[in-house]
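Residue 32 is where the first sequence starts when you use the numbering used here, and the numbers rise one by one after that.
Just so you know, even glycine gets a beta-carbon here, dropped at the ideal spot from N, CA and C.
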Amino acid sequence: MIRSGPLIYSPFRGAIAQLEEHLHGMQGVRGSSPRSSTNRDETANPHPSPARRGVNRLRGTTVTETADTRTRIERYDPTAIEPRWQARWAELGLHETDLEHDPRPNYYLLTMYPYPSGDLHIGHWYIVTPSDALARYRRMHGYNVFFPIGFDAFGLPAENAAIKNGGHPFTWTMTNIETMRRQFRTMGATFDWTKEVVTADPSYYRWNQWLFLRFLEAGLAYRATSAVDWCPNDGTLAREQVEGADRRCWRCGAPVEKRDLAQWFLRTTAYADELLDFSGIDWPEPVKVMQTNWIGRSEGAEIDFEVAPDSVQPGGDRLRVFTTRPDTLFGATFMVLAPEHPLVAQLTHPDRRDEVTAYVERARRETEIERLSTEREKTGVAIGAKAINPVNGERIPIFIADYVLSGYGTGAIMAVPAHDERDFAFAMKFGLTIRRVVAAPGVDAAAPMEDAYVAHASDEHLVNSGRFDGLSADAGGAAIVAWLAETGRAEPKVTYRLRDWLISRQRYWGTPIPVIYCERDGIVPVPDDQLPVLLPETVDDAGSGDNPLNHDEAFLRVDCPRCGRTARRETDTMDTFIDSSWYWYRYLSPDKADGPIDRAMTDRWTPVDQYTGGAEHAVMHLLYSRFFTKAMADCGLIADREPFKRLFNQGQILGADGERMSKSRGNVQDPDELVSRYGADTVRLFLMFMGPWDQGGPWSPTGIGGVYRFLNRVWTLVLDPHGREPGDPEAGMLPAGQSPAEARAAIRSAAHRTLRDVPADYEAFRFNTMIAKLMELANTLFRYRGTEIAGGDEWNETIRLLLTMLAPAAPHISEELWSRRLAEAGEAWTSIHAQAWPEVDPAAVVESTREIPVQVNGKLRDKVVVASDATDAEIQAAVLARQRIAAILDGRTPDRIVLAGGGKLVNLVVR
RNA sequence: GCCGGAGUGGCGGAAUCGGCAGACGCAGCGGACUUAAACUCCGCGGCCCGCAAGGGCAUCCGGGUUCGAAUCCCGGCUCCGGCACCA
């Protein structure tokens, strides 16, 4: 915490006591107590040791004397400067946003809140400090910026650490949070800590429960039996904790199995179509593509096949399939049901029963990796019944096979081996009929096929399809569906890959799902006035891997809110992605005790203007958040239907080995050493300078010295403009041929051209090129150090612009140098971070001449200097007057003279 | 396999409405300062030939469009991320 106040290392009991107070309008686990700071430092002068004296004494000194300059001017010492300014900013409450009364336009800047793993590594700096630069940049542009932070405090690591070390997840988590608050402070980040949110705090998670109950009322939450991912060592896993193509546990690497459990779901699929609509939000294209693919909308048709009557089956049962290729219906030569299909038992012929049962059992037991491997040979068994193909009346065999998934479409398919690779492989293995029904021009409809023909080109046509022969595939498919629809045997249908969100977790350290199971009343929601359902203080893990809530009688036993009889609580907790699906709304009113959000605040501040975070959350957090926003809107809680107007995905800093940073890999980079050696400003700047922010990359501190040198040069320029370097033979002299007036115009022009270009870089998150431009400006200025124009009006203006532009990225040194200049000028101190962004002087950026590159046949051969307002004819004349050009032309006349881009370049085309 | 993104000096990376390739920085080399070293400062710096002036070759590879291509088009290769029998 930046604010003073007691640090919280509370044991769990303390937090419960605090919760009691909190619910009565007091305070939560958030550390500050009370929020408004009292012990402010009354120091008027923010910089105790200005270097004014030294600077003045150096004015007008000789070269020989300045040989000592390097040792005489005060050194740039970030470790002395940075904590002082951090404390000062905190004292002044510079970053506490007035959410209600500030007249300036609002700007909500959000960065994904961290998991409190206990240590800020360089990756956290990479995520946070550029966002902070952006926050500061926006403030200088007159916005009332809200830049909050909090902690994603529920989750497995805390629980596992507690099991391993015998502590409590709460203690582990809160200790880590306290450490991280302290570490965050060293970045100089301008978070508004007074709005901090900690999701493991009952004052937060009670509203998870409240929202869940609203969703339940709205039919957006429901309970169903489903197969969940199960790791033999670690128990249940969230979907995102199952990694890679081979479906392994993220912690132990064991193959993940499925287990059938009664689970709670949120109806994300209800919003499938709306989630595909990204109009009105400015998000990176790759994220939109990933979400679109994840939702996986498929247009097609559902078609009913009747079960054929035989000695066992009465016939007439309908098997419904989903297909995207109704045009291939005449080629459907068998059917396949998922092993879990509900009609399997009923349709299986007694002679086949043993084999079918064995196959179903085996499919149940198999790990998902085995079952879903596309490499594996197709397996399946015939169930001994037949179905009737509705278009041609053929009796076709019915199989079960695990390549058909029960959770997608209807869990049954019509198999068209001629035009589907999977069906083709299955037909080859079981010797089934393969009939071509779609052919490209010139293809023999009767020829045997060696591979499935799956292309879907515009010039193909139907064959072997009765009266539909000759139609194009698209028209034929539509015609077949329309024909069957007349008798109710088919209908157009859209199917999605997206599933409903399974939120139940068999874990202790999460939000208890607020329902009660009563023998008489069934599922009974916990009444609002009995929220929150608190986690019990004592945890008895015993390393069983089972959820300890299952063994906590005090937690389990509860009176049914309806009938009063003894009932049983739900022991599953919520997926922690619930916590992160609405936290930015809570930031706006973190203490609100009578509801999750303050509608007046959300109306004023959301959607979030700019969200930044990693692309790894593309189809999890970012999709859930969109769902939550829409669901909350439909419950009448907020007006938004999208949470984040603009999204930027920063890249990820990898370990030096190119792998993801993690404690287990031992490749975590600790920024503390770099900070103590170079200062936070240098580390901030270096992370921004490394490359494009969305790129990330392996960590290497090589080159940080260059950024440090740059800041030192800025330091020198401000404190010692008249100093001369003995190593520079031209020190103190203007560039050859340049008058003082020209020199003054040159630095001013450089400053204003930089000022013209830098904002576009900030706006587009191109911090690397932004810093390069500031370096160029500093280099330009350095060339004039010690000359007669140093320290003049233009010089001072340039320094002012340089510091202002640098302030968002390197806030401490900018503030320090700014304050020293004010002190030297005898002016009252105001923070550089409260300055208005300067205006470009258009007159300063125009130049009287320009240099035009000259090509001959596309090769650069010469350059010519012309007046900047020269006409095309004048440019052409100047080019042809050049001796070098004449020599290259060697008497030839150019066939064509291209004056490109309004005279940006000249190209002479000859022969 | 499908879907996205990217390939530029020794290194990180600039330049993408087609118009001076290599900004800025690192490493390197030369010099100044210093008793010396470090720090700092100045300069050089894609590759090849040449004492130089200059010339040739260069943005993953091969074609194409254009006065002109890192940039646009076609075909390939490599790397990174996502998905994983979704009918």
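task: Taking V967 as the reference, give the member of V885, P563 and A898 with the closest Cα.
output: One cannot answer for residue 967 here, as it falls past the ends of the chain, which runs 32 to 942.
query: Roughly how many whole angstroms lie between the Cα atoms of G722 and H155?
result: 17 Å
- prompt: Looking at the unbroken alpha helix (DSSP H) that takes in I158, where does it start and where does it end?
  reply: I153 to M171
message: Going by C-alpha to C-alpha distance, which of D382, E248 and L368 sits closest to V391?
response: L368
query: Pick from I427, T410 and A912: whose alpha carbon is nearest that of Y434?
result: T410
field: Assigned secondary structure, Y655 (DSSP; H/G/I helix, E/B strand, else coil)
entry: helix
query: With which residues is C666 paired in a DSSP beta bridge?
result: Bridge partners of C666: none, in fact.
query: Beta-carbon separation of P543 and P563 under 9 Å?
result: yes
message: Just to confirm the assignment: which complete alpha helix (DSSP H) runs, minimum length 4, are found wholly within the stretch 830-897?
response: 842-856 and 873-876
field: Same chain only: Cβ atoms within 7 Å of P771, ignoring 5 sequence neighbours per side
entry: L765, E819 and I820
- prompt: By a C-beta neighbour count over all protein chains shown, 10 Å radius and 16 as the cutoff for buried, is G697 buried or exposed?
  reply: exposed
- request: Please report the residue range of the alpha helix (DSSP H) in which V375 lies.
  value: V375 to L378
- request: May I have the straight-line CA-CA distance separating R279 from A285, to the nearest angstrom?
  value: 5 Å
- request: Pull up the DSSP beta-bridge partners for K417, would you.
  value: P428
task: For S693, count neighbouring Cβ atoms within 10 angstroms of its own Cβ and tell me buried if that reaches 16, exposed if not.
output: exposed
- prompt: For T95, which of helix, strand or coil comes out of DSSP?
  reply: Bear in mind that a pLDDT of 32 at T95, under 50, signals an unreliable position, so the model cannot answer this.
query: To which residues does DSSP link L556 through a beta bridge?
result: In the sequence on display, residue 556 carries Pro and not Leu. Partner(s): V546.
- prompt: What residue from I511, F365 and E248 has the CA that sits closest to G462's CA?
  reply: F365
query: Which of helix, strand or coil does DSSP assign to R278?
result: coil
Y709 vs F720 beta-carbon contact at 9 Å: no
field: C-alpha gap between I312 and E794, whole angstroms
entry: 17 Å
N207 beta carbon less than 9 Å from that of S148: yes
field: Span separating the alpha-carbon of F796 from that of W724
entry: 7 Å
- request: Return yes when the Cβ of F185 is within less than 9 Å of the Cβ of G541, no when it is not.
  value: yes
message: Can you tell me whether C262 is buried or exposed? The criterion is at least 16 other CB atoms within 10 Å of its CB, across all chains shown.
response: buried
query: Near R172, what residues of its chain come up, given a Cβ to Cβ distance below 7 Å and the 5 sequence neighbours on each side ignored?
result: The sequence shown places His at residue 172, rather than the Arg named in the question. Answer for H172: W868, listed in chain order.
- prompt: How should G501 be labelled, buried or exposed, when 16 other C-beta atoms within 10 angstroms of its C-beta is the threshold for buried?
  reply: exposed
- prompt: Three-state secondary structure (DSSP) at S496?
  reply: coil
message: Beta-carbon within less than 7 Å of V940's beta-carbon, same chain only, minus the 5 sequence neighbours each way: which residues are those?
response: N888, P925, D926, R927 and V929
- prompt: Relative to the C-alpha of G686, which residue among A859, N680 and P702 is closest?
  reply: P702
message: Contact defined as beta carbons within less than 8 Å: I believe D358 pairs with V469. What is the distance between those atoms, to the nearest angstrom?
response: 7 Å
- prompt: Under 9 Å, do H380 and A416 count as touching if we go by C-beta distance?
  reply: yes
field: Whole runs of the alpha helix (DSSP H) within the stretch 350-393, excluding any shorter than 4 residues
entry: 375-378
Enclosing alpha helix (DSSP H) for F243 [first to last residue]: P233 to E248
task: Kindly indicate which three-state DSSP category M605 falls into: helix, strand or coil?
output: strand
query: Once you ignore the five residues that flank E73 on each side, which residues in its own chain have a CB closer than 7 Å to its CB?
result: Note that E73 has pLDDT 31, beneath the 50 cutoff, so the model's placement of it is unreliable and no number is given.
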